[in-house]
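Taking it in order: structure first as structure tokens, then the write-up.
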Amino acid sequence: MDYENYAKVAKALADPKRVKIVDMLSCGAMCACDILEHFDFTQPTLSHHINLLVKAGLVTTEKSGTWHYYDLNKAAFEKFKADTAELMSDTPACICEPVRSKAVCETGERTDQLMPNSAVKSIK
1 MDYENYAKVA KALADPKRVK IVDMLSCGAM CACDILEHFD FTQPTLSHHI NLLVKAGLVT
61 TEKSGTWHYY DLNKAAFEKF KADTAELMSD TPACICEPVR SKAVCETGER TDQLMPNSAV
121 KSIK
């Protein structure tokens, strides 16, 4: 998992206005003027929110004449969904794995201590 990119996407989604924009775009591409009708802020503020979503790779933009149309990058959302599932899992791809010491194995007492896996993934 690319932790830097994951955090960038999560940060882009960490605002209710941007989440609403994403929800609106889930119905299909829209022009900025149609999106703006659903908010109580100015066009420059909308541009700020859209630009953060575009920089995170979640939204694509297409210009047609003087109009800008925005659409979801569904592949980016699928990647974010898969990365979130991986982050919350305890599969072998997990960064840590439960281990027991030799003494615990011999006595039969159970503890669930987490120790770093030898294949810890580094943050890029």
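Residue numbering for the sequence shown follows UniProt numbering, beginning at 1 and increasing consecutively. Here a beta-carbon is modelled for each residue, glycine too, at the ideal position from N, C-alpha and C.
Identify whether residue i lies in helix, strand or coil by the three-state DSSP scheme.
{"i": "S26", "result": "coil"}
{"i": "E37", "result": "coil"}
{"i": "D71", "result": "strand"}
{"i": "R100", "result": "Low local confidence applies: a pLDDT of 46 at R100 is under 50, so the model's placement there is unreliable, with the coordinate-based value given in what follows. Coil at R100, not helix or strand."}
By Cβ distance below 6 Å, which residues in the same chain neighbour residue i in space, the five residues on each side in sequence not counted?
{"i": "residue 125", "result": "Outside the displayed range of the chain (1 to 124) lies residue 125, so it cannot be described from this structure."}
{"i": "A76", "result": "G57, L58"}
{"i": "R100", "result": "Reliability of the predicted coordinates at R100 is poor, the pLDDT of 46 falling under 50, and the value obtained from them is presented with this limitation in mind. There are no such residues."}
{"i": "T66", "result": "none"}
{"i": "E62", "result": "Y69"}
Could you please give me the residues that DSSP links to residue i through a beta bridge?
{"i": "residue 128", "result": "Since the displayed the chain opens at 1 and closes at 124, residue 128 lies outside it and no answer follows."}
Between which residues of its own chain and residue i is the CB-CB distance below 8 Å, once the five residues before and five after are set aside?
{"i": "Q1", "result": "Note on residue identity: the sequence assigns Met, not Gln, to residue 1. Hits under 8 Å: D83, E86, L87, K121."}
What does a CB cutoff of less than 7 Å around residue i pick up in its chain, not counting 5 residues either side in sequence?
{"i": "L25", "result": "V59, Y70, D71, L72"}
Problem - the segment 51-59 in contact with the segment 12-21 per 3-pair CB rule at 8 Å - result: When Cβ pairs closer than 8 Å are counted between the two stretches, the segment 51-59 is seen to touch the segment 12-21, the count reaching three or more.
Problem - Inter-stretch contact (C-beta, 8 Å, three-pair minimum) for the segment 28-35 and the segment 62-70 - result: Yes, since at least three Cβ pairs between the segment 28-35 and the segment 62-70 fall closer than 8 Å, the two stretches touch.
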